[in-house]
Amino acid sequence: MDTTGFALEPGESRALSVPSGWSGRLWGRTLCSTSTDADAGGTGRFACVTGDCGWGKQDCAVGGAAPPATLAEFTMDGSGDMDFYDVSMVDGYNLPMLVAPQGAAAAAGGSCVPTGCMVDLNGACPADLRVASSSGGGSGVACKSACEAFGSAQYCCNGDYGNPSTCKPSAYSQFFKNACPRAYSYSYDDATSTFTCAGGDTTYAITFCPSTTSVKAAGAQGGLPLMNATMVYLGGDQLESATAAARLPSVLVLAVVSLALAGALYSSQARPTAQMTRRRTRDSPRGNRAPAH
Numbered sequence: 001m002d003t004t005g006f007a008l009e010p011g012e013s014r015a016l017s018v019p020s021g022w023s024g025r026l027w028g029r030t031l032c033s034t035s036t037d038a039d040a041g042g043t044g045r046f047a048c049v050t051g052d053c054g055w056g057k058q059d060c061a062v063g064g065a066a067p068p069a070t071l072a073e074f075t076m077d078g079s080g081d082m083d084f085y086d087v088s089m090v091d092g093y094n095l096p097m098l099v100a101p102q103g104a105a106a107a108a109g110g111s112c113v114p115t116g117c118m119v120d121l122n123g124a125c126p127a128d129l130r131v132a133s134s135s136g137g138g139s140g141v142a143c144k145s146a147c148e149a150f151g152s153a154q155y156c157c158n159g160d161y162g163n164p165s166t167c168k169p170s171a172y173s174q175f176f177k178n179a180c181p182r183a184y185s186y187s188y189d190d191a192t193s194t195f196t197c198a199g200g201d202t203t204y205a206i207t208f209c210p211s212t213t214s215v216k217a218a219g220a221q222g223g224l225p226l227m228n229a230t231m232v233y234l235g236g237d238q239l240e241s242a243t244a245a246a247r248l249p250s251v252l253v254l255a256v257v258s259l260a261l262a263g264a265l266y267s268s269q270a271r272p273t274a275q276m277t278r279r280r281t282r283d284s285p286r287g288n289r290a291p292a293h
């Protein structure tokens with residue numbers, strides 16, 4: 001990767017190149033700022049309320065996203081020369097995200113289709129999962145997973161619950177799944193949440209805070225829509241309307257693509273996009289599927 005973090009103006013896009021066989025995650029950081037206290041290097045410390053990587057800079061040279069954070073996960077040119085990808089809320093949710101494959105494989109459909117979570121769930125997040133802003137009247141800025149909130153093996157799918165036979169969807173994971181049927185809602189949500197495209201020429205557009213009408217929700221694996229048309233969340237209200245539009249976050253956001261990480265600065269009206277392609281190197285390790293949760 002030529003960068004581990006960068007800013008985009010509203011509506012701007014940036015192309016990223018990754019090696020063949022690369023596996024990694026992308027996510028967005030929100031409510032970011034630089035402290036006024038200078039560190040030893042003479043600059044302030046950069047930090048974000050959600051998705052922070054703990055590096056203290058806009059780049060994220062080390063560390064992953066602090067949960068809760070919406071994650072896009074990829075394994076490029078994996079088993080059978082296929083790309084494996086998903087959008088996951090196993091580590092919680094902080095902003096809407098859309099991953100849309102592009103190229104001949106995407107045109108063919110099948111399991112090579114858009115995925116993501118296109119609605120703002122922060123307002124509707126259950127009280128015991130909600131992360132509230134310290135300023136702004138306590139409004140929700142992220143939504144924890146039940147594992148993060150309670151730490152129990154039942155929710156974290158570990159210990160006696162460390163296999164798909166014993167770890168089942170909970171009422172909390174169903175909150176995420178009902179709103180975003182194609183996204184991972186808990187660790188063993190593979191059947192409806194992992195997607196594949198032919199490797200090689202397929203590229204992927206990752207859009208933060210996408211319009212709910214930006215892609216057609218047809219042709220998904222198992223017939224699942226990108227979003228539940230009868231359950232669109234607006235600031236905590238559940239609307240029973242197939243035509244309701246989801247409210248976009250009303251804060252400035254620094255979205256960081258973590259391929260080991262990259263990013264974008266945008267407002268609620270903007271829909272910044274990272275375009276991901278691969279470099280054709282044959283000495284990279286090959287994975288079988290998207291990174292494990």
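So for the sequence shown, full-length UniProt numbering puts the first residue at 1; every next one is plus one. For glycine and all other residues, C-beta sits at the position ideal for the given N, C-alpha and C.
- Three or more beta-carbon pairs drawn from the region 140–152 and the region 91–99 are found closer than 8 Å, and the two stretches are therefore classed as touching.
- Per the C-alpha coordinates, the member of R25, V87, G5 positioned closest to D190 is V87.
- Between C117 and C180, the beta carbon gap of about 4 Å places them in contact (Cβ cut-off 8 Å).
- Counting only runs that start and end inside the region 91–152, the beta strand (DSSP E) elements of at least 3 residues fall at 97–102, 115–117, 130–132, 140–143.
- In the three-state reduction of the DSSP assignment, D83 falls in the strand class.
- Put simply, the region 187–204 touches the region 74–81. At least three CB pairs are less than 8 Å apart.
- Separation of Y155 and C167 (C-alpha to C-alpha, rounded to the nearest whole angstrom) is 8 Å.
- Excluding five sequence positions before and after W55, the CB atoms of its chain that fall closer than 7 Å to its own CB belong to A61, V62, G63, given in chain order.
- For S173, the enclosing alpha helix (DSSP H) stretches over residues 171–179.
- Here T192 carries a helix assignment [DSSP, helix/strand/coil].
- The distance from the Cβ of F175 to that of P225 is about 17 Å, inconsistent with a contact at the 8 Å cut-off.
- Within the model, the alpha-carbon separation for G44 versus T34 is close to 6 Å.
- The three-state reading of DSSP puts Y161 in helix, counting H, G and I together.
- Here A69 is actually not in contact with V99; their C-beta atoms are around 15 Å apart, not less than 8 Å.
- In this structure, DSSP gives Y155 a helical state, which the three-state scheme calls helix.
- The three-state reading of DSSP puts E73 in strand, counting E and B together.
- Secondary structure of L16 (DSSP, three-state): strand.
- Residue state for Y204 is assigned as strand, using DSSP reduced to three classes.
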